[in-house]
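Residue numbers (the UniProt record's numbering): 1 to 193.
By construction, the Cβ of each residue, glycine as well, lies at the ideal position given by its N, Cα and C atoms.
Down below is the structure, laid out as structure tokens.
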Amino acid sequence: MKEDGASDKPLDIAVLTRMKQFRAMNKLKKVALKVIAENLSEEEIIGLKEMFKSMDTDNSGTITFEELKAGLPKLGTKISESEVRQLMEAADVDGNGTIDYIEFITATMHLNRMEREDHLFKAFEYFDNDKSGYITMEELESALTKYNMGDEKTIKEIIAEVDSDNDGRINYEEFVAMMRSGNPDLITNKRQK
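Written out as structure tokens, the structure is:
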């Protein structure tokens with residue numbers, strides 16, 4: 001316990017929970033979160049930056065599987081080796097075997113950051129290259145290919161999952177709904193009839 005009565009533990013458990021939620025997200029959402037993470041201010045991520053530095057024991061700027069395995073228990077979380085491997089694979093968006101700083105922030109930033117309309121719009125614009133107000137299959141493929149995720153099956157799955165009006169493309173409202181889905185923090189007071 002800290003002097004103000006706040007526990008040291010919840011942040012660490014929350015970070016682990018966020019990594020597990022991130023693991024379950026579709027690839028469009030992961031890349032969109034990466035775009036948001038790249039645009040966050042220092043103040044918004046100061047605690048996560050410290051956590052990254054504490055896990056990156058060789059100061060290489062990346063976290064290896066071994067560093068993640070050693071770092072998570074120090075945060076007070078009991079986690080099996082297979083869970084560590086799953087988190088590693090989920091957070092390693094570019095698939096190079098390590099978690100870089102932006103990948104770490106992407107997987108662990110608090111999901112309520114996504115509620116901010118300016119962050120969501122910036123991420124949508126990243127995918128909507130021609131500024132048509134829609135993310136087409138081609139634009140989705142182009143953006144995901146940059147992160148080695150652009151296979152046709154994945155793209156069709158994303159469109160099928162997110163395109164609620166079935167017009168073959170993703171509009172801003174569908175994008176926002178996808179970004180906010182599966183996040184209990186954002187569902188309260190959001191559903192109006």
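In its own chain, which residues sit with a C-beta less than 7 Å from the C-beta of residue i, not counting the 5 before and 5 after it?
{"i": "R23", "result": "Q86, L87, A90"}
Using the beta-carbon count (16 or more within 10 Å), is residue i buried or exposed?
{"i": "E103", "result": "buried"}
{"i": "N166", "result": "exposed"}
{"i": "R169", "result": "buried"}
{"i": "I63", "result": "buried"}
At least one CB of chain B closer than 8 Å to the CB of residue i: is that the case?
{"i": "E125", "result": "Any reference to chain B falls outside this structure, which holds one protein chain only."}
Taking the C-alpha atoms as reference points, what is the distance between residue i and residue j?
{"i": "D128", "j": "V35", "result": "13 Å"}
{"i": "E43", "j": "T145", "result": "31 Å"}
{"i": "V162", "j": "T106", "result": "21 Å"}
{"i": "K20", "j": "D58", "result": "25 Å"}
{"i": "K74", "j": "G97", "result": "22 Å"}
Return yes when the Cβ of residue j is within less than 8 Å of the Cβ of residue i, no when it is not.
{"i": "M179", "j": "K49", "result": "no"}
{"i": "E174", "j": "S181", "result": "no"}
{"i": "D100", "j": "G71", "result": "no"}
{"i": "V93", "j": "Y126", "result": "no"}
{"i": "I135", "j": "K27", "result": "no"}
Grab me the residues of residue i's own chain with a C-beta within less than 6 Å of its C-beta, minus the 5 sequence neighbours each way, in chain order.
{"i": "V176", "result": "L120"}
{"i": "T154", "result": "K27"}
For residue i, which residues of its own chain have a beta-carbon under 8 Å away from its beta-carbon, when the five flanking residues on both sides are left out?
{"i": "M109", "result": "R18, L33, I36, A37, L40, E44, I45, L48"}
{"i": "K131", "result": "E125"}
At which residue ranges does the region 5-78 contain complete alpha helix (DSSP H) runs of 4 or more residues, listed in the order of the chain?
9-23, 27-38, 42-55, 65-74
Which ranges does the alpha helix (DSSP H) cover as unbroken runs of at least 4 residues, wholly within the region 135-188, from first to last along the chain?
137-145, 152-162, 172-180, 184-187
Minimum length 4: unbroken alpha helix (DSSP H) runs contained in the UniProt domain "EF-hand" (79-114)
The alpha helix (DSSP H) runs of length 4 or more contained entirely in the UniProt domain "EF-hand" (79-114) are, from start to end of the chain, 81-91, 101-108.
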